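Undergrad: One rule links them: number in my numbering = place in the sequence shown (from 1) + 222.
Beta carbons: idealized from backbone N, C-alpha and C, even for Gly.
If you're wondering where the values come from, they're calculated on a predicted model, not measured in any experiment.
Could you have a look at this structure, given as structure tokens, before my questions?
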Amino acid sequence: MHSLLRGKHFITTQEWTREELEMVLDVAWDLKKLFALGVPHRYLQDKTLFMMFFEQSTRTRNSFEAGMTQLGGHAHDLTPDKLQISHGEAAKDTAMVLSRYGHGIAIRNCFFGIGNKYIREVAKWSSVPVFNMQCDIYHPCQALGDLMTIKEKFSNELRGRKFVISWAYAPSYMKPMSVPQSLILLMTRFGMDVTLAHPPEFKLMPEILKQAEENARQAGVKFEVVHDMDAAFEGAHVVYPKSWGALMTTQDKDESMAIAKKYTDWICDERRMKLTATDSIYMHCLPADRGYEVTDEVIDGPHSVVFDEAENRLHVEKALLALCMGGRP
Ligand code: CP
223 MHSLLRGKHF
233 ITTQEWTREE
243 LEMVLDVAWD
253 LKKLFALGVP
263 HRYLQDKTLF
273 MMFFEQSTRT
283 RNSFEAGMTQ
293 LGGHAHDLTP
303 DKLQISHGEA
313 AKDTAMVLSR
323 YGHGIAIRNC
333 FFGIGNKYIR
343 EVAKWSSVPV
353 FNMQCDIYHP
363 CQALGDLMTI
373 KEKFSNELRG
383 RKFVISWAYA
393 PSYMKPMSVP
403 QSLILLMTRF
413 GMDVTLAHPP
423 EFKLMPEILK
433 QAEENARQAG
443 VKFEVVHDMD
453 AAFEGAHVVY
463 PKSWGALMTT
473 QDKDESMAIA
483 KKYTDWICDE
493 RRMKLTATDS
503 IYMHCLPADR
513 GYEVTDEVID
523 GPHSVVFDEA
533 ENRLHVEKAL
543 LALCMGGRP
């Protein structure tokens, strides 16, 4: 197994081999055990991670920052208003300067058509690894934490399991497409039969769909797109109903929210959970719109693994940080 991950950027799981991703998961399990035992694991002593958040975050911000502390280093919690980015400083200059001060740069930038390009521009000029904490296209740390959770819940036996990522209605805000896109890319590679369900206006990016189809072909699994939530849930082992914007239909926020209102019945409730396999799990990356995307009975019920899922973000991110910012010189 390839063990030289020091210095590697993590922008999408697509750019990492299966073996490299398995290595991250192996380390994540080791770190999870050490964390549970209270055993120090200061693999990044005196190292600094610069975190740049262009949007709000609860899980990503706190798991990365806590993770750096537990690894013996420190994370700077930065937002554009604290940086000269707010005065238009170029990504190249920000990247080159932060590279001189520390050992890693992590970025969340979900602006549609901008976020991924910004992260790639920083990565181009950075001499330290760059981590994608969510962009307009990908949320690779979420997908990797989700894969870890699914492997735990199904004793690492994923082949033949039906994984469903479904659109669901949420009135709170227009959520990015990055979670469903990262999920269809990753779960097809790891041997699950993947079903993507959404109303017609909520398509994902065509190039991502093409990559997911190719991943499925290579892995010898199914990948299908349906427009019926009940049909998708039928016999599913993993259901992951969440909202995203109609960004391939309109980039106008109000218009997207108006389209979404036609589909308020796309909710994960107990009736729909009864359509799934008896040992099925309910997943959500959070934040969830309770009462809209999912009922309290489901998210707080016996199928739900949402808090294990949130916890695993910490372990996979620590593994990524330790391998890419530390590791074998
Ligand atoms: N799931 C997730 O990325 O949560 P935050 O937006 O709170 O970081």
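Pull up the DSSP beta-bridge partners for A438, would you.
TA: A438 pairs with nothing; no bridge assigned.
Undergrad: Here's a check: name, in chain order, each residue in its chain whose Cβ is nearer than 6 Å to the Cβ of L405, leaving out the five neighbours to either side.
TA: Answer for L405: A365, I387, listed in chain order.
Undergrad: Using CA coordinates, which residue listed in P393, K384, S465, G457 is at the minimum distance from P421?
TA: Ranking the options by Cα distance to P421, first place goes to S465.
Undergrad: Does any heavy atom of the ligand CP sit closer than 6 Å to the C-beta of R512?
TA: R512: no, Cβ never under 6 Å from the ligand CP.
Undergrad: Suppose you measure from the CA of R493 to the CA of G513; what does that come to, to the nearest Å?
TA: If I take the Cα positions, the gap works out to 14 Å.
Undergrad: DSSP state of N354, grouped into three classes?
TA: Looking at N354 - three-state DSSP - the assignment turns out to be strand.
Undergrad: Report whether the distance from the Cβ of L508 to the nearest heavy atom of the ligand CP is below 6 Å.
TA: True, at least one ligand heavy atom lies under 6 Å from that Cβ.
Undergrad: Excluding the five sequence neighbours on either side, which residues of its own chain have a C-beta within less than 7 Å of the C-beta of A499, listed in chain order?
TA: Once the five neighbours on either side are set aside, the close Cβ partners of A499 are G457, A458, H459.
Undergrad: Compute the Euclidean distance between the alpha carbons of R383 and L253, then round it to the nearest angstrom.
TA: In a straight line, the C-alpha of R383 is about 27 Å away from that of L253.
Undergrad: Between the Cα of P302 and those of S394, I329, F376, G295, spot the shortest distance and give me the residue it belongs to.
TA: Checking every option, the nearest Cα to that of P302 belongs to I329.
Undergrad: Would you call the stretch 230-237 and the stretch 346-355 touching, i.e. three or more CB-CB distances under 8 Å?
TA: Touching, per the Cβ criterion.
Undergrad: Determine the contact status of A482 and M451, defining contact as a CB-CB distance below 7 Å.
TA: No. Outside cutoff.
Undergrad: Start and end of the alpha helix (DSSP H) containing P402?
TA: It spans 400-411 - the alpha helix (DSSP H) in which P402 sits, taken as one unbroken run.
Undergrad: Indicate whether T280 and H325 have their beta-carbon atoms separated by less than 7 Å.
TA: Result no, Cβ atoms of T280 and H325 do not sit closer than 7 Å.
Undergrad: Flag this pair as touching only if the stretch 236-255 and the stretch 297-312 have three or more C-beta atom pairs under 8 Å; answer yes or no.
TA: The stretch 236-255, when compared against the stretch 297-312, does not touch it at the 8 Å Cβ threshold.
Undergrad: Between P393 and chain D, is there a C-beta pair that is closer than 7 Å?
TA: Structure shown: chain D not included; a single protein chain is present.
Undergrad: Count the CB pairs spanning the stretch 426-439 and the stretch 406-418 that are closer than 8 Å, and state whether there are at least three.
TA: Result yes; three or more Cβ-Cβ pairs closer than 8 Å.
Undergrad: Would S553 and M355 be called neighbours here (beta carbons separated by less than 7 Å)?
TA: A question about residue 553 goes unanswered here, because the residues of the chain that appear run from 223 up to 551.
Undergrad: What number of angstroms, rounded off, separates the C-alpha of Y485 from the C-alpha of L320?
TA: Answer to the nearest angstrom: the Cα atoms are 45 Å apart.
Undergrad: Would C332 and E539 qualify as a contact pair, given that the criterion is a beta-carbon distance under 7 Å?
TA: No, Cβ-Cβ distance for C332 and E539 is not below 7 Å.
Undergrad: Let me know if P393 comes out buried or exposed under the rule of 16 or more other beta-carbons within 10 Å of its beta-carbon.
TA: It is exposed - the Cβ of P393 has fewer than 16 other Cβ atoms within 10 Å.
Undergrad: Which same chain residues end up closer than 6 Å to D511 when comparing Cβ atoms and leaving out the 5 residues on each side of it in sequence?
TA: Closer than 6 Å at the Cβ level, and outside the excluded window around D511, lie A392, S394.
Undergrad: Between the Cα of L431 and the Cα atoms of P402, Y504, A297, R240, which residue gives the shortest distance?
TA: It is P402 whose Cα lies nearest to the Cα of L431.
Undergrad: So is the beta-carbon of T280 under 6 Å away from any non-hydrogen atom of the ligand CP?
TA: T280 Cβ: within cutoff of the ligand CP.
Undergrad: In the DSSP assignment, the beta strand (DSSP E) including T316 goes from what residue to what residue?
TA: Where T316 is concerned, there is no enclosing beta strand (DSSP E), although the alpha helix (DSSP H) it sits in stretches over 313-323.
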